Amino acid sequence: MSLTTTGSLTLRLVPSAAVSWAFVPAIEVAALALVLRRDERDGLPRLIDLFCSGFGAWSLWLIAICVMFAVVPPTLVFQVFFWWLEIGAAIVLAWSAYVDYCFFREVVGRNRRSAARTLLVHRC
Amino acid sequence: MTTRAAAIGGLLVISLLAGTWRDRAPAQEPVMLGGYHVLAVDFHVHTHPLSSTTLTSWDVVTEARRARLDAIAVVPHDHVWAARLARWFSRLIDGPIVLVGEEVAATQCDVLAVGIERTIPWGQRARAVAEQAHAQGGIAIAAHPVQRDWHGCAEAVPVFDGSEIVHPLVFNGEDLARSLRDFNASGDMAAIGDTDYHIGQFGMVRTYVFARERAAAAILDAVRAKRTVVYDRGRVYGERSLIQLAAADGRLPRMAALTGPRRLATLDGAIAIVGLLAAILFGWRDDR
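Protein chains in written order, with our numbering: chain A, 1 to 124; chain B, 1001 to 1288.
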């Protein structure tokens, strides 16, 4: 938020944005805890840590927005931004879904069908 | 702490310190012209949450001050509580004037109801929304009335106090820019320039309002009396006599050039992006 508005990180905006947007990862983690079975919740902190490492795709998408507002002339930036908002987000949505599917399959140990169903429930 | 974490953390801390050091509200001389207080106002500012935007009610207040705006109208989508919160915070820190408002989704037209206190329900005809804004002592501005919105907005032209003649949409092409100009010319409406802030440079489009005093009520009165001037990359809109007055004085065109659209790139911002990319691509910990 700070980078897209001012082009810099500033203590005036960073803590406020961190707190006001904390609901996004909080909902992700709460949804993860909900979709895991009781016996799968052993070592939940490690699972959360691994699950959050799958946020890379979204983080790159967000950083690309920061770069966009820093370097693209303002008279063009909104055209690029709306393209990225739609096409870029669709790509990242698919990519992050695949990463999370692999998480449920490889880390949690679900079979294919169960991993897909859990992913769907988690996304809902 | 690993070497990698120290390096990434170091980049981010350096960037944060440099960005914070540079982040100061510039001093601004008040401008008086023709006996009026000339106030830089953005009538179209959204806040997080519930308006698909990035900054909170308190952040838009501090950002307005940094962007050399004298006043902002905070107009959340279809509610006013976030705007009232912004006004409360601004009074607390002696910040810029905050006008409470709402962007009302009317039928085929978005209306900025500014200077109101209570939520105006969405889904009504634009004229009804404008009349309800007036009943609360506020003003009604047609928001980004491009061709597709004309049908819904057109019927409210006689009761609109102003319409957005410059909006970031004008950067998307001459057709959209002409559309906004034609709509404004279709009635007796004040020329308004707004950023429609959701993301990006704050206050890059603004309205210079010629108010009798530095107060919210005076700003609303000035819009009703069409005492506004808007600059857009070499073009100027608004009340002709005020445009000439500002041109003769020279300060407003200079201020507009200083606060207009520009790239936001900074060295400390680039360092932050490198740090964030390193954290994502390589991880904080050596064991990943």
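All residues carry an ideal CB built from backbone N, CA and C; glycine is no exception. Every value quoted in this text rests on a predicted model; they were computed, and no experiment measured them.
Please classify residue i: is it buried, with 16 or more other beta-carbons within 10 angstroms of its beta-carbon, or exposed?
| i | result |
| --- | --- |
| Arg-1235 (chain B) | exposed |
| Cys-66 (chain A) | buried |
| Gln-1028 (chain B) | exposed |
| Val-121 (chain A) | exposed |
| Cys-102 (chain A) | exposed |
| Trp-126 (chain A) | Look at the range of chain A in this structure, 1 to 124, and you will see that residue 126 (chain A) is not part of it. |
| His-1048 (chain B) | buried |
| Arg-1178 (chain B) | exposed |
| Val-1074 (chain B) | buried |
| Arg-1206 (chain B) | buried |
| Cys-1291 (chain B) | No information on residue 1291 (chain B) is available, as it lies outside the stretch 1001 to 1288 that chain B covers here. |
| Thr-6 (chain A) | buried |
| Ile-1093 (chain B) | exposed |
| Glu-130 (chain A) | Past the boundaries of the shown model lies residue 130 (chain A); chain A is included only from 1 to 124, so the question cannot be answered. |
| Thr-1259 (chain B) | buried |
| Ile-91 (chain A) | exposed |
| Gln-1201 (chain B) | buried |
| Met-1032 (chain B) | exposed |
DSSP three-state call for residue i: helix, strand or coil?
| i | result |
| --- | --- |
| Glu-1213 (chain B) | coil |
| His-1048 (chain B) | coil |
| Leu-1033 (chain B) | strand |
| Ser-96 (chain A) | helix |
| Glu-40 (chain A) | helix |
| Val-1114 (chain B) | strand |
| Phe-1043 (chain B) | strand |
| Leu-1011 (chain B) | helix |
| Gly-1275 (chain B) | helix |
| Ala-142 (chain A) | No answer is possible for residue 142 (chain A): the residues shown for chain A start at 1 and end at 124. |
| Thr-1053 (chain B) | coil |
| Gly-1238 (chain B) | strand |
| Val-1229 (chain B) | strand |
| Ala-64 (chain A) | helix |
| Ala-1142 (chain B) | strand |
| Val-1038 (chain B) | strand |
| Cys-124 (chain A) | coil |
| Arg-1148 (chain B) | helix |
| Pro-15 (chain A) | helix |
| Pro-1026 (chain B) | coil |
| Arg-1251 (chain B) | helix |
At the 9 Å Cβ level, is residue i part of the contact set with chain A, yes or no?
| i | result |
| --- | --- |
| Ser-1015 (chain B) | yes |
| Gly-1115 (chain B) | no |
| Glu-1131 (chain B) | no |
| Asn-1184 (chain B) | no |
| Ala-1005 (chain B) | no |
| Gly-1200 (chain B) | yes |
| Trp-1058 (chain B) | yes |
| Met-1204 (chain B) | yes |
| Ala-1018 (chain B) | yes |
Is the beta carbon of residue i less than 9 Å from the beta carbon of residue j?
| i | j | result |
| --- | --- | --- |
| Tyr-1237 (chain B) | Leu-1252 (chain B) | no |
| Gly-1095 (chain B) | Arg-1065 (chain B) | yes |
| Ala-1216 (chain B) | Val-1098 (chain B) | yes |
| Leu-1277 (chain B) | Leu-62 (chain A) | no |
| Ala-1140 (chain B) | Leu-1169 (chain B) | no |
| His-1167 (chain B) | Asp-1149 (chain B) | no |
| Ala-1225 (chain B) | Gly-1019 (chain B) | no |
| Ala-94 (chain A) | Phe-104 (chain A) | no |
| Leu-1050 (chain B) | His-1079 (chain B) | yes |
| Ala-1007 (chain B) | Ala-70 (chain A) | no |
| Trp-1142 (chain B) | Ala-1156 (chain B) | It is Ala, not Trp, that sits at residue 1142 (chain B) in the sequence shown. Yes, the Cβ-Cβ distance between Ala-1142 (chain B) and Ala-1156 (chain B) is below 9 Å. |
| Asp-1196 (chain B) | His-1037 (chain B) | no |
| Leu-1242 (chain B) | Arg-1227 (chain B) | yes |
Is there a C-beta anywhere in chain B that falls below 9 Å from the one on residue i?
| i | result |
| --- | --- |
| Gly-109 (chain A) | no |
| Pro-73 (chain A) | yes |
| Trp-95 (chain A) | no |
| Val-29 (chain A) | no |
| Ile-48 (chain A) | no |
| Gly-7 (chain A) | yes |
| Cys-66 (chain A) | yes |
| Leu-60 (chain A) | yes |
| Ala-33 (chain A) | no |
| Gly-43 (chain A) | no |
| Leu-63 (chain A) | The question names Leu, yet the displayed sequence has Ile at residue 63 (chain A). Yes - at least one Cβ of chain B is within 9 Å of the one on Ile-63 (chain A). |
| Phe-69 (chain A) | yes |
| Trp-84 (chain A) | no |
| Ala-22 (chain A) | no |
| Val-92 (chain A) | no |
| Gly-54 (chain A) | no |
| Ala-18 (chain A) | no |
| Ser-2 (chain A) | yes |
What in chain C is Cβ-close to residue i, meaning under 7 Å?
| i | result |
| --- | --- |
| Phe-78 (chain A) | In the structure shown, chain C does not exist; the protein chains are A and B. |
Note to self: I'd like the ranges of any alpha helix (DSSP H) spanning at least 4 consecutive residues and lying wholly in the region 1154 to 1220 of chain B.
What the structure shows: 1174 to 1185
Next item on the list: Go through the region 1067 to 1133 of chain B residue by residue and report every complete run of the beta strand (DSSP E) that reaches 3 residues or more, in order.
Entry: 1071 to 1074, 1097 to 1106, 1109 to 1114
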